[in-house]
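Undergrad:
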Amino acid sequence: MKKQALLYNMYFKAEERFLNHPVVPGFEPDIIIEFIQSGLNLASYYCRHSPNCNPLLQELFLRRVFFHLIDTIDHKGHSRIFRRICIDHLHCPLLALKKYYGNSDEGKRQLQSLQRNLLQIHHTSGL
Numbered sequence: 318m319k320k321q322a323l324l325y326n327m328y329f330k331a332e333e334r335f336l337n338h339p340v341v342p343g344f345e346p347d348i349i350i351e352f353i354q355s356g357l358n359l360a361s362y363y364c365r366h367s368p369n370c371n372p373l374l375q376e377l378f379l380r381r382v383f384f385h386l387i388d389t390i391d392h393k394g395h396s397r398i399f400r401r402i403c404i405d406h407l408h409c410p411l412l413a414l415k416k417y418y419g420n421s422d423e424g425k426r427q428l429q430s431l432q433r434n435l436l437q438i439h440h441t442s443g444l
């Protein structure tokens, strides 16, 4: 229980830092990477091979990280550098989601939907 509380604490602190802008110039990579890593750590706490297996929570935190990054990329209020770093690190939650969804037909549809969303945002973001 102590590990779970620590993971949640780290995740929500990182998420708050990530979502509350403006960011002090120069700290963009630290904030983004900390947010992504804390989300992936929390999702891995619920993976299939752990004693705390909960696929719904695992998918929830992976998708939450992914969509926060997508929203940030599309948000013009963030600096271009911040948005660009989010694009550069988007592969982390996307690959984790790809592994989570596996080779099932439903998983492939989910992943294609995420990829279409990503392509649409990439074209409209101007980055």
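Heads up, the sequence shown is in the numbering used here, so the first residue is 318 and it goes up one at a time. Ideal Cβ positions, reconstructed from N, Cα and C, are used throughout, including at glycine.
Starting from K425, follow the alpha helix (DSSP H) in both directions and report where the run begins and ends.
TA: D422 to S442
Undergrad: Taking buried to mean at least 16 other C-beta atoms within 10 Å of its own C-beta, is H395 buried or exposed?
TA: buried
Undergrad: Could you compute how far the alpha carbon of I350 sits from the alpha carbon of L373?
TA: 23 Å
Undergrad: In terms of residue numbering, what span does the alpha helix (DSSP H) encompassing K415 cover?
TA: First-last of the alpha helix (DSSP H) with K415: H408 to Y418.
Undergrad: When you compare the stretch 352-360 with the stretch 329-340, are there three or more beta-carbon pairs, one atom per stretch, that lie closer than 8 Å?
TA: yes
Undergrad: Can you say whether L336 is buried or exposed, counting buried as having 16 or more other CB atoms within 10 angstroms of its CB?
TA: exposed
Undergrad: What is the DSSP secondary structure of H366, reduced to helix, strand or coil?
TA: coil
Undergrad: For the stretch 420-439 against the stretch 356-371, are there 3 or more C-beta pairs whose distance is under 8 Å?
TA: Flag = no, the stretch 420-439 and the stretch 356-371 do not touch.
Undergrad: Excluding sequence positions up to five away, which residues of its chain have a Cβ less than 7 Å from the Cβ of N434?
TA: Setting aside the 5 residues that flank it on each side, N434 is surrounded in the same chain by I387, each with a C-beta closer than 7 Å to its C-beta; the list follows chain order.
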